[in-house]
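First the structure, in the form of C-alpha cells, and then the observations on it.
In our numbering, the protein residues as written are 719 to 1474.
Written out as C-alpha cells, the structure reads:
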C-alpha cells in the first residue's frame, strides 16, 4: 500500500496550541482558586497614580473628589506572593498613599479572571479592605458586599476614616499592637462564609469552604461549638457585673483568617456589610481569630482562653475609650481572665515576665508591660476580691486617672502591699514563672531579660590582715558592693556570687551583713533547690551561718523593693563584716521606786524577767495581774502611806539590731493606781485620803541604745484616754471626781545585757 503524506495546517496547529494553553492556564487558575490562592499573574507589579486613577491588571482605584495634586508616591502593588491570607480568590493589592483621603475612593475589581464558584452554605463574594497590624504583619480584613455589574465588583471606602477610627488590641508577644500601619490598604476579592443563630450575639465569618477545604475545613459541629463558647464568654462577664452599655448592635462579628498573632480585638467603628458605615460607638467592634486554631479541628480550649482575653477588651471599651484607656491596665486585666480560663501562665506573660520588676505602675504605658502585670492583678484579686477590677473601670474609665481609681478600689495605697507582692512573686507564691534557684542561675548566665530585672554581686572575703586592719580602725570589712537603679514601686533582685576560695579568710565568729540604704525594703533569702529560708528584712540583714550554708550548696539572693512613689532611686547594696554583740536575753537591772507610771512598767518588766531574742533579734513578752506597792514616807501618818499599782495585759515587742547597735519596739498595758495617805493637822487630828484611777490604757514606743556597757530602753509613753480619778476624804465625807488631760512623758529605764 502506498503511503500518503500528511500536511499539517499551520492555522489548525496554532488553534490546538491555544486550546492546550488555555486549558493549562484555566486549570492552574482553578486549582489556585480551590486552594484559596490566586490567578496566575506574576506578583510584584505596581502602578502609579495618573489623573486621579490607579490601574493594575484586574483592579482600578478611582480617587474621585480627593485632591491628588502633587501626589507622586501613591502607588498600587501586587503583593500576592509576599502575604498569605485565607479565602482570597483574586490577586492581593497594596495601596500606598502619600495623601490623606477624606472623601470616598472607589475600588473596582474585574471578576472575569476569577474561576466561578457556586455559592454554598452562605458563601458570598466579598471585597476585602485590609489594614496591617503594626510589627507583626497581619492583614485584618473587613468585608464589603460589592455591587457587581457586568463582571466588575465595586465598593467605596474613605481611607482617612479607616485609619482614624480603627484601634487594635491583641494577644501578641510583641505587645505593641495599636493603631494600624497608616496609609496602607490591602484590597482583594474573597469567598467568605458566615454562620450565626437567631437571637445570638455573634456572627462567625470564615473562608469559603469550597475553595479552602484542602487547608481549612470548618465543619458544622465546630461552628456550633464556637458559637456556644462565644455566648458563654458573653454571659460570664455579665455574671461578674459588667455592662455592655455602649453596644447597641448585635451580633458581633468574629473573623477567622490568617494572622501572625493568635487573636485580636478591634475597636472597629467600621461596618461590615453594604458599604462601610462609621459610628462613634463600639457597635462595630469585632474579634479576629487565627485560622490555625481550626485547621486540624477546633482547638477549643485555646480558643476559649483567647476569647476570655479579647472579649474583655470589648468590655473595657464600655467604660473607657482609646483616649482615656490605659494600655498596661487593659492588657493586664484581659490577660488575668485569660489566665483564669487557661489555668497556667499565658505565653505572652512568660514572654514579658521581667517587665513586672519595673514597678507595679510601669514607667511606660505599653501592652507588653500589661502582659507582664497579669500576676499583679491575680495577687490583688486574691487579696481584695476580683470586684476591684470592675470598680476600677467604673471609676477610672471616664477620667483616665487609673492610679487613683486603683487606690480607691483597693482602699489602701500601693505602699501598703508592694513589698508583700514582690516577695510573693519572687518566691513563686503568686503566679510567678521563674523560681528563685532558676532565676539565680540565669542571672549568672548574663541573659539580657534577667539582667533587666536583677544583677550579680560578686563577693570576696578580704585577706585576714585586711580584716584586722579594718576592725582596728572601727571599719567594716567589705566583701563587695553595687548600685541599683530601682523604678518607683519597683524591685530588683541581687544574686550574691561568692568566691569560694576566699571563704578560708572568714573568721568563724563573723557572718556577713547585707546593707541597703535609701527608701527601700530589703529582704534576703537562702535558697536551697526549691526550698528557701527568709534570713530577714530591713536595712541590714545578717547572713547567719554563712560559711556552713555555702558548704551545703545554699545560694543567697536579695530582693530590694523601692518604696518611692515617683522617679528612680539609686540604691547602694553592700555586704560587710560587722562584728558586734548579739544579745540572747535582756533583763531589767533595777526596780524603780517612783510614784508614776514608770513604776508600773518597771514592775511588769521585773515580773517578766529575762526576755529571749530570736536569731533575728526579735523579742516579745507578756505579763498580767502584776501588783506593786510603794512606800510614800514623806507624809505624817498613822500607818505607812502607800501607792499600789496593778498592771494587766502588759505586752512588749521589739527588735535589736546588732549591726547598728540600736533597737525599737512598742509596749501596751492597762493599769490602775491607788494612793492611800494620812495627814495630821495642827489640832492633832488625822485626815485619811484615798485616791484611785479608773483603768487606764497606755501605749508606748521605745528605742534601744548602748551606753558604754549598758543597754538603755528609752520610752515615750502616751495615755490614749483621759485619766478619771476619785478622791475621798474621811474627815469631811466628801467624794471628788476629776479628770486630767492626756499625758506624755519621756521615761528612761536602765537594762543590762547578757552575751551569748
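Glycine included, C-beta positions come from ideal geometry on N, C-alpha and C.
Predicted model, so just to flag it, every value in this text is computed and none were measured.
Are there 16 or more other CB atoms within 10 angstroms of the CB of residue 887, so buried, or fewer, so exposed?
-> Stepping through the chain shown from its first residue, residue 887 is reached at position 169. With 16 or more other Cβ atoms from the protein chains shown falling within 10 Å of its own Cβ, residue 887 counts as buried.
For residue 1421, three-class secondary structure by DSSP = Residue numbering aside, residue 1421 sits at position 703 when the chain shown is read from its first letter. Residue 1421: strand per DSSP, three-state reduction.
Residues that residue 1475 bridges to, as DSSP identifies them = The structure shown does not extend to residue 1475, since the chain spans only 719 to 1474, so no value can be given for it.
Take residue 1028 as the anchor and find which of 1069, 983, 1072, 1011 has the nearest alpha-carbon.
-> Start at 1 with the first residue of the chain shown, and residue 1028 comes out as number 310. Ranking 1069, 983, 1072, 1011 by Cα distance to residue 1028 puts 983 first.
Could you give the residue range of the beta strand (DSSP E) that holds residue 1173?
-> What you label residue 1173 is simply residue 455 of the chain shown in a count that begins at 1. It spans 1172-1177 - the beta strand (DSSP E) in which residue 1173 sits, taken as one unbroken run.
Roughly how many angstroms separate the alpha carbons of residue 1258 and residue 1374, rounded to a whole number?
-> Your numbering for residue 1258 matches position 540 in the chain shown. Your numbering for residue 1374 matches position 656 in the chain shown. Cα to Cα, the separation comes out at about 11 Å.
From 828, 1055, 903, 865, pick the residue whose C-alpha is nearest to that of residue 858; which is it?
-> Along the chain shown, one-based indexing puts residue 858 at 140. Nearest C-alpha to residue 858: 903.
Counting Cβ pairs closer than 8 Å, one from the region 971-985 and one from the region 858-873, do we hit at least three?
-> In this structure the region 971-985 lies against the region 858-873, because at least three pairs of beta carbons, one per stretch, are closer than 8 Å.
Candidates 851, 1158, 1240, 1185: which alpha carbon is nearest residue 1173's?
-> For the purposes of this step, residue 1173 is taken as the residue at position 455 of the chain shown. For the residues 851, 1158, 1240, 1185, the minimum Cα distance to residue 1173 belongs to 1158.
Pick helix, strand or coil for residue 848, following the three-state DSSP scheme.
-> Here the question's residue 848 lines up with position 130 in the chain shown. Collapsing the DSSP output to three states places residue 848 in a strand.
Express the C-alpha separation of residue 1024 and residue 937 in angstroms, rounding to a whole number.
-> One-based indexing of the chain shown puts residue 937 at position 219. One-based indexing of the chain shown puts residue 1024 at position 306. In this structure, the straight-line span from the alpha carbon of residue 937 to that of residue 1024 is close to 20 Å.
Limits of the alpha helix (DSSP H) - the one that residue 902 falls within | For the purposes of this step, residue 902 is identified with residue 184 of the chain shown, where counting begins at 1. Per DSSP, residue 902 belongs to no alpha helix (DSSP H); it is in the beta strand (DSSP E), 902-914.
Measure from the C-beta of residue 1107 to each C-beta in chain D and report whether the shortest distance is under 7 Å.
-> Going by chain labels, chain D is absent from the structure shown, which holds only one protein chain.
Spatial neighbours of residue 1074 within its chain, please: CB distance less than 6 Å, with the 5 preceding and 5 following residues excluded, ordered by chain position.
-> Mapped onto the chain shown, residue 1074 falls at position 356. Contacts found: 1090, 1091.
Buried or exposed (CB count within 10 angstroms, at least 16 for buried), residue 1015 | Taking the first residue of the chain shown as 1, we reach residue 1015 at position 297. By the neighbour-count rule (16 or more Cβ atoms within 10 Å), residue 1015 is not buried but exposed.
Please determine, among 1030, 912, 958, the residue with the shortest C-alpha to C-alpha distance to residue 969.
-> Walking along the chain shown from the start, residue 969 turns up at place 251. Considering only alpha carbons, the answer is 912.
Residue 886 (DSSP reduced to helix, strand or coil) | For the purposes of this step, residue 886 is identified with residue 168 of the chain shown, where counting begins at 1. Reduced to three states, the DSSP call for residue 886 is strand.
For the 8 Å Cβ check, are there 3 or more pairs between the region 1204-1217 and the region 1167-1187?
-> The region 1204-1217 is in contact with the region 1167-1187.
Classification of residue 935 by the beta-carbon crowding that lies within 10 angstroms, buried from 16 upward | On the chain shown, residue 935 is found 217 positions in, with the first residue counted as 1. Label assigned to residue 935: exposed.
Verify whether the separation of the beta carbon atoms of residue 909 and residue 831 is less than 7 Å.
-> Walking along the chain shown from the start, residue 909 turns up at place 191. Walking along the chain shown from the start, residue 831 turns up at place 113. No; because the gap between Cβ atoms is not below 7 Å, this pair is not in contact.
Given a threshold of 16 other Cβ atoms within 10 Å of its Cβ, counted over all protein chains shown, does residue 1161 qualify as buried or as exposed?
-> Here residue 1161 is taken as the residue at index 443 of the chain shown, counted from 1. Residue 1161 should be labelled buried.
Measure the C-alpha to C-alpha separation of residue 1278 and residue 1169 and round it to an integer number of angstroms.
-> Within the chain shown, residue 1278 is the residue found at index 560, counting from 1. Within the chain shown, residue 1169 is the residue found at index 451, counting from 1. Rounded to the nearest angstrom, the two C-alpha atoms are 14 Å apart.
Three-state secondary structure assigned by DSSP to residue 1265 = Here the question's residue 1265 lines up with position 547 in the chain shown. Three-state result, residue 1265: helix.
Exposure of residue 1201, with buried meaning 16 or more beta-carbon neighbours within 10 Å = Taking the first residue of the chain shown as 1, we reach residue 1201 at position 483. Residue 1201 comes out exposed.
Euclidean distance between Cα positions of residue 811 and residue 907 = As a position in the chain shown, residue 811 is number 93, starting the count at 1. As a position in the chain shown, residue 907 is number 189, starting the count at 1. C-alpha separation (whole angstroms): 10 Å.
Quick one: residues in its chain with C-beta nearer than 8 Å to the C-beta of residue 1000, no 5 flanking neighbours on either side, listed in chain order?
-> The sequence position of residue 1000 within the chain shown is 282, counting from 1. Shown here for residue 1000: same chain residues with a beta carbon closer than 8 Å to its own, the five before and five after excluded, namely 964, 965, 985, 986, 987, 1032, 1035, 1036 in chain order.
What are the residues that DSSP puts in a beta bridge with residue 1280?
-> For the purposes of this step, residue 1280 is identified with residue 562 of the chain shown, where counting begins at 1. 1238.
Using three-state DSSP, classify residue 968 as helix, strand or coil.
-> Residue mapping note: residue 968 aligns to position 250 of the chain shown, counting from 1. DSSP places residue 968 in coil when its eight states are reduced to three.
Based on the DSSP output, what are the partners of residue 1230 in its beta bridges?
-> Within the chain shown, the letter at position 512 stands for residue 1230. Partner(s): 1295.
Which stretch, first to last residue, makes up the alpha helix (DSSP H) that contains residue 1159?
-> By 1-based counting over the chain shown, the position of residue 1159 is 441. That run of the alpha helix (DSSP H) goes 1154-1163.
Spatial distance of residue 1148 from residue 1303 (CA atoms) | Mapped onto the chain shown, residue 1148 falls at position 430. Mapped onto the chain shown, residue 1303 falls at position 585. Each residue's Cα considered, the two are about 37 Å apart.
Coil, strand or helix - residue 798 by DSSP | One-based indexing of the chain shown puts residue 798 at position 80. Secondary structure at residue 798: coil, using DSSP grouped into helix, strand and coil.
Spell out a yes or no on whether the region 1266-1275 and the region 1314-1329 are touching, meaning 3 or more CB-CB pairs, one atom from each, closer than 8 Å.
-> No: the two stretches stay apart, fewer than three of their Cβ pairs being nearer than 8 Å.
Would you mind listing the alpha helix (DSSP H) stretches within the region 1038-1101 that are 4+ residues and don't spill past its ends, in chain order?
-> Correct list: 1045-1060, 1065-1069, 1085-1090.
Check the DSSP bridge columns for residue 1252 and list the partner residues they point to.
-> Counted from its first residue, the chain shown places residue 1252 at position 534. Per DSSP, 1243.
Return the Cβ separation of residue 1272 and residue 1207 in integer angstroms, given the expectation that the two are a contact with Cβ distance under 8 Å.
-> Reading the chain shown from its first residue, position 554 is the one you call residue 1272. Reading the chain shown from its first residue, position 489 is the one you call residue 1207. The beta-carbon separation of residue 1272 and residue 1207, rounded to 30 Å, does not stay under the 8 Å limit for a contact.
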